[in-house]
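This report refers to the structure that appears directly beneath it.
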Amino acid sequence: MAPSRVIILGVAVVAAAGAGLIARNMASAPPEQVFIETGPAEPAIALTEVLVMSGDVPMGGALGEQLAWQSWPSSNVYDYFIRRDVDPDALEELQTAIARVPIYAGEPLRRSKLIGEGQSFMSSILPSGKRAVATQISADTSAGGFILPNDYVDVIMTRRQTDSSGVEAYATETVLRNIRVLAIDQAIQEDEEGRRVKVGETATLELTPEQAEIITVAQQMADRLSLALRSVVDTQEVVTDQADHLLSGSGRRGAIRLIKSGQVSEVGGRQ
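Under the numbering used here, the residues of the sequence shown are numbered 39 to 309, in order.
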């Protein structure tokens, strides 16, 4: 073989070996790392466990098992929330507490919505300056038993009157308007068809001191007091008239009111 061909063949072999070595090194080379510049890491949100309602509790109901600890952002925790780090035994202690107002699931519990220790339920829900007065009712004088606590009613007085000719007739008068029902007792009875129905016999009304006097007089004068249920829309009405004439009489201080044959009079006292 000619010397020139030997030289060319040797160069080709060396070039092929070099190319193979380069290819192997490229295949095994680690991938190039790319670094992305980022800002400083954001701090984690601080959380605080607060006592919340896990279920609905009606006014006057015990909290029972409807309580749970839940993590809230610390920035949204207010002073009146019940915190686990401050009061760790609150969940167990408040299970027997009574709700002063309706409380709903997911709502942070406030002690202001609970009846204080030693307080009665009625006195705790009664607004300042108001009086609670019980009135005897029956199913046919209370909208068929559909009147419930926090409904608003008108109080209607019905009485018999005899005119100058001796004819007896019935007279009705709305003595109080837009009155809130604080409570109404419910008894389970069976009607003629065996169905169980709820019938209230006593309604407790939220009244001003003057209204309490009016209904006390009306109870003595009336053959029957009826409660007329008002629409929710009408509860915003501002009432300016009521049967205060039942209390006016002659306006004498210290006078005693006498009720005879449905008529109010005053004796004693002074102007």
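Even glycine gets a Cβ: it sits at the ideal position worked out from N, Cα and C.
Beta-carbon proximity of residue i to residue j, cut-off 7 Å
{"i": "Leu220", "j": "Ala170", "result": "yes"}
{"i": "Leu101", "j": "Ala135", "result": "yes"}
{"i": "Leu152", "j": "Leu89", "result": "no"}
{"i": "Arg106", "j": "Ile175", "result": "As written in the sequence, residue 106 is Ala, which differs from the Arg given in the question. Not closer than 7 Å, so no."}
{"i": "Val95", "j": "Ile141", "result": "yes"}
{"i": "Asp223", "j": "Glu248", "result": "no"}
{"i": "Met91", "j": "Glu145", "result": "yes"}
{"i": "Gly93", "j": "Ala143", "result": "yes"}
Exposure label - residue i; buried when at least 16 CB within 10 Å
{"i": "Val193", "result": "buried"}
{"i": "Tyr190", "result": "buried"}
{"i": "Ile45", "result": "exposed"}
{"i": "Leu245", "result": "buried"}
{"i": "Gln258", "result": "exposed"}
{"i": "Ser203", "result": "exposed"}
{"i": "Asp47", "result": "With the sequence shown as reference, residue 47 is identified as Leu, and Asp is not the correct amino acid for it. So Leu47 ends up on the exposed side."}
{"i": "Thr273", "result": "exposed"}
{"i": "Ile185", "result": "buried"}
{"i": "Arg308", "result": "The pLDDT assigned to Arg308 is 44, lower than 50, so where the model puts this residue is not dependable; a value taken from the coordinates is nonetheless given after this. Exposed, by the Cβ-count rule."}
{"i": "Ile60", "result": "exposed"}
{"i": "Thr200", "result": "exposed"}
{"i": "Ala53", "result": "exposed"}
{"i": "Ala260", "result": "buried"}
{"i": "Ala55", "result": "exposed"}
{"i": "Ala50", "result": "exposed"}
{"i": "Pro126", "result": "exposed"}
{"i": "Arg290", "result": "Low per-residue confidence applies at Arg290: pLDDT is 41, beneath 50, and the placement is therefore not dependable enough to give any value."}
Whole-number beta carbon distance between residue j and residue i, since they are thought to touch under 8 Å
{"i": "Ala137", "j": "Met97", "result": "6 Å"}
{"i": "Arg149", "j": "Asn188", "result": "Not a contact, Cβ separation roughly 22 Å."}
{"i": "Glu87", "j": "Gln104", "result": "So it is not a contact: roughly 17 Å between Cβ atoms."}
Selection from the options that minimises the alpha carbon distance to residue i
{"i": "Ala82", "options": "Asp261, Phe159 and Ser113", "result": "Ser113"}
{"i": "Leu263", "options": "Thr273, Met91 and Arg197", "result": "Arg197"}
{"i": "Glu251", "options": "Gln133, Leu47 and Leu284", "result": "Leu284"}
{"i": "Pro111", "options": "Ala84, Asp94 and Val270", "result": "Ala84"}
{"i": "Phe159", "options": "Leu132, Arg268 and Val139", "result": "Val139"}
{"i": "Val255", "options": "Gly99, Tyr118, Thr173 and Ala143", "result": "Thr173"}
{"i": "Lys168", "options": "Glu275, Leu243 and Arg62", "result": "Leu243"}
{"i": "Asn216", "options": "Ala57, Ser269 and Arg62", "result": "Ser269"}
{"i": "Leu132", "options": "Gly154, Glu275 and Val271", "result": "Gly154"}
{"i": "Leu265", "options": "Tyr208, Ile253 and Asp117", "result": "Ile253"}
heavy atom of the ligand PLP below 6 Å from residue i C-beta
{"i": "Ile217", "result": "This structure does not include the ligand PLP; it has no bound ligands of any sort."}
Legend entry - Touch test, the stretch 269-287 against the stretch 206-213, Cβ-Cβ under 8 Å, three pairs minimum: Yes, the stretch 269-287 is in contact with the stretch 206-213.
Inset, instruction - Please determine if the stretch 115-130 and the stretch 156-165 are in contact, where contact requires at least 3 C-beta pairs separated by less than 8 Å. - result: Remark: fewer than three beta-carbon pairs, one from each stretch, lie closer than 8 Å, so the stretch 115-130 and the stretch 156-165 are not flagged as touching.
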